[in-house]
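**Student:**
In this note's numbering, the protein residues as written are 84 to 298.
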């Protein structure tokens with residue numbers, strides 16, 4: 084059992100700055116597979132999802148970079164960071180003067196990681212491990228990074244985001260072209276070449292873009 088998730092995260096990560104968002108610091112892992120196996124061993128469970136919270140994924144870095152460079156988008160507004168992982172995007176939103184940010188991720192480790200990372204960057208965010216897809220939200224801006232990798236999940240997320248935008252929400256997506264990204268429904272508004280970990284992405288640089296839904 085892992086009785087203290089925050090202590091586990093601090094012990095098995097290093098404080099590093101993501102390559103494309105150097106003004107933000109995060110608790111990041113050096114070795115994805117080793118941390119994954121260690122988490123399963125400590126919890127006594129097999130088949131756990133990868134520790135997405137321990138890495139700064141390309142889509143999230145693109146979205147964070149865009150928010151920091153275009154702070155007017157989130158300034159004074161409430162933000163929901165969906166599948167937040169490390170909390171990078173929520174943290175970037177707060178650094179860009181958002182009124183509030185909720186980092187939501189169904190992995191319970193992610194909530195602890197996001198809070199630790201927020202503290203590193205002198206911002207305060209809320210967290211949740213309840214799946215938001217398909218439910219209404221009070222947030223004004225919905226931020227989604229690297230979530231279109233799963234065939235079953237992608238259409239659910241897209242349908243939800245379309246419904247939210249119809250309700251007056253603003254939706255921004257950060258993605259390096261994951262398999263199920265619905266490009267035909269999206270408009271690209273920015274793109275970045277982002278250094279990544281070859282063990283995770285099978286590449287050293289990923290072209291990641293920021294997208295919004297077609298009007």
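Backbone N, C-alpha and C define an ideal beta-carbon position, used for all residues, glycine too.
May I ask which residues mark the beginning and end of the beta strand (DSSP E) holding residue 207?
**Tutor:** Taking the chain shown and counting its residues from 1, one reaches residue 207 at position 124. Per DSSP, residue 207 belongs to no beta strand (DSSP E) and is neither H nor E.
**Student:** Go through its chain and collect everything with a Cβ distance to residue 186's Cβ below 6 Å, but skip five positions before and after it.
**Tutor:** The residue labelled residue 186 in the question sits at position 103 within the chain shown. Hits under 6 Å: 164, 167, 170, 173, 197, 208, 210.
**Student:** Would you identify the three-state DSSP class for residue 183, choosing helix, strand or coil?
**Tutor:** Taking the first residue of the chain shown as 1, we reach residue 183 at position 100. DSSP places residue 183 in strand when its eight states are reduced to three.
**Student:** Which of the three DSSP states, helix, strand or coil, is assigned to residue 194?
**Tutor:** For the purposes of this step, residue 194 is taken as residue 111 along the chain shown, with counting starting at 1. Helix, per DSSP.
**Student:** Since residue 38 and residue 223 are thought to touch, with beta carbons under 8 Å apart, how far apart are those beta carbons, to the nearest angstrom?
**Tutor:** Absent from the model: residue 38. The displayed extent of the chain is 84 to 298, so no value can be given.
**Student:** Output needed for residue 118: all residues of its chain with C-beta closer than 7 Å, excluding positions within five of it in sequence on either side, in chain order.
**Tutor:** For this step, residue 118 is matched to residue 35 along the chain shown. Only 95, 112, 134, 137 meet the Cβ criterion.
**Student:** Helix or strand or just coil, what does DSSP make of residue 238?
**Tutor:** Sequence index remark: in the chain shown, residue 238 carries index 155 (1-based). Three-state DSSP puts residue 238 in a helix.
**Student:** Whose C-beta lies closer than 6 Å to the C-beta of residue 217 among residues of the same chain, with five residues either side of it excluded?
**Tutor:** One-based indexing of the chain shown puts residue 217 at position 134. If we look at residue 217 and ignore the five residues flanking it on each side, its Cβ neighbours are 243.
**Student:** Taking all protein chains shown into account, do 16 or more other C-beta atoms lie within 10 angstroms of the C-beta of residue 266, making it buried, or fewer, making it exposed?
**Tutor:** Taking the chain shown and counting its residues from 1, the one referred to as residue 266 is at position 183. So residue 266 counts as exposed.
**Student:** Secondary structure at residue 93, three-state DSSP: helix, strand or coil?
**Tutor:** Here residue 93 refers to the residue found at position 10 when the chain shown is read from its first residue. Helix, per DSSP.
**Student:** For a quick check, are the C-beta atoms of residue 255 and residue 293 less than 9 Å apart?
**Tutor:** In the chain shown, the residue the question calls residue 255 occupies position 172. In the chain shown, the residue the question calls residue 293 occupies position 210. Closer than 9 Å, so yes.
**Student:** With distances taken Cα to Cα, identify the nearest neighbour of residue 229 among 261, 121, 287.
**Tutor:** For the purposes of this step, residue 229 is taken as residue 146 along the chain shown, with counting starting at 1. Residue 261 is the option with its Cα nearest to residue 229.
**Student:** DSSP three-state call for residue 268: helix, strand or coil?
**Tutor:** Mapped onto the chain shown, residue 268 falls at position 185. In this structure, residue 268 counts as helix in the three-state DSSP scheme.
**Student:** Could you have a look at residue 246 and say whether DSSP puts it in helix, strand or coil?
**Tutor:** Indexing the chain shown from 1 puts residue 246 at position 163. Correct three-state label for residue 246: helix.
**Student:** Along the chain, where does the beta strand (DSSP E) that runs through residue 230 open and close?
**Tutor:** Along the chain shown, read from residue 1 onward, the residue named residue 230 stands at position 147. No beta strand (DSSP E) contains residue 230, which DSSP labels as neither H nor E.
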